[in-house]
């Protein structure tokens with residue numbers, strides 16, 4: 031027979047083993063909300079209460095940089111969170127956050143349908159990554175380079191001078207004829 035003390039020890043060992051196995055079996059993500067500032071946790075709780083459960087995608091990412099700028103992201107200091115809102119409520123959640131959040135709010139589309147909030151300055155942004163009419167770079171040149179603008183300006187002034195010369199010559203011919 032197993033006494034009570036041994037049974038309690040076995041139970042503790044079994045629970046510890048179960049906790050260890052579940053932590054190994056769970057995929058490791060950087061979506062630990064434990065490092066987030068209380069203002070972001072409160073905002074996430076407001077979103078949950080108003081719209082339903084959210085899935086946190088990312089909080090802290092060491093060395094995270096803002097694409098295209100090289101500046102440090104708020105994710106690097108655990109001052110930002112990316113999350114998926116409840117299914118079918120993306121637009122409602124994004125609009126509500128843009129009205130009611132004092133920090134940064136970013137929305138993503140084109141394959142990445144999540145929302146970013148941070149406790150930085152009040153900034154609103156939308157990024158479309160992947161193929162879309164918003165993300166494509168135009169094959170046409172919209173703006174001429176500095177050099178070609180100068181040459182166009184020179185050409186325009188040259189043609190204006192030419193026209194002035196023609197007028198002057200024709201008026202001189204008219205004056206000499208009369």
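Numbering (our numbering), first residue to last: 31 to 208.
The C-beta atom is built at its ideal place from N, Cα and C for all residues, glycine as well.
Given the structure is predicted, the values throughout are model-derived calculations rather than measurements.
Check: Enclosing beta strand (DSSP E) for residue 110 [first to last residue]; Outcome: 110-114
Check: Those residues which DSSP pairs with residue 156 across a bridge; Outcome: 137
Check: Proximity below 9 Å, CB of residue 96 to CB of residue 107; Outcome: no
Check: Residue 111 vs residue 88 beta-carbon contact at 9 Å; Outcome: yes
Check: Residue range of the beta strand (DSSP E) that includes residue 132; Outcome: No beta strand (DSSP E) holds residue 132; DSSP gives it neither H nor E.
Check: Helix, strand or coil at residue 105 according to DSSP, with G and I counted as helix; Outcome: helix
Check: As assigned by DSSP and simplified to three states, the class of residue 193; Outcome: helix
Check: Of the listed residues 152, 36, 130, nearest to residue 76 (C-alpha basis); Outcome: 130
Check: For residue 123 and residue 147, believed in contact at Cβ under 8 Å, the rounded distance; Outcome: Their Cβ separation, rounded to whole angstroms, is 10 Å, which puts residue 147 and residue 123 out of contact at 8 Å.
Check: Beta-carbon proximity check, residue 157 vs residue 132, cutoff 9 Å; Outcome: no
Check: According to DSSP, residues forming a beta bridge with residue 95; Outcome: 102
Check: Limits of the beta strand (DSSP E) - the one that residue 146 falls within; Outcome: 145-148
Check: Integer-rounded CB distance, given that residue 134 should sit under 8 Å from residue 151; Outcome: 7 Å
Check: C-alpha gap between residue 79 and residue 115, whole angstroms; Outcome: 12 Å
Check: Alpha helix (DSSP H) segment containing residue 84, residue limits; Outcome: Segment: none, residue 84 is in no alpha helix (DSSP H) and carries neither H nor E.
Check: Check whether residue 83 and residue 149 have beta carbons under 9 Å apart; Outcome: no
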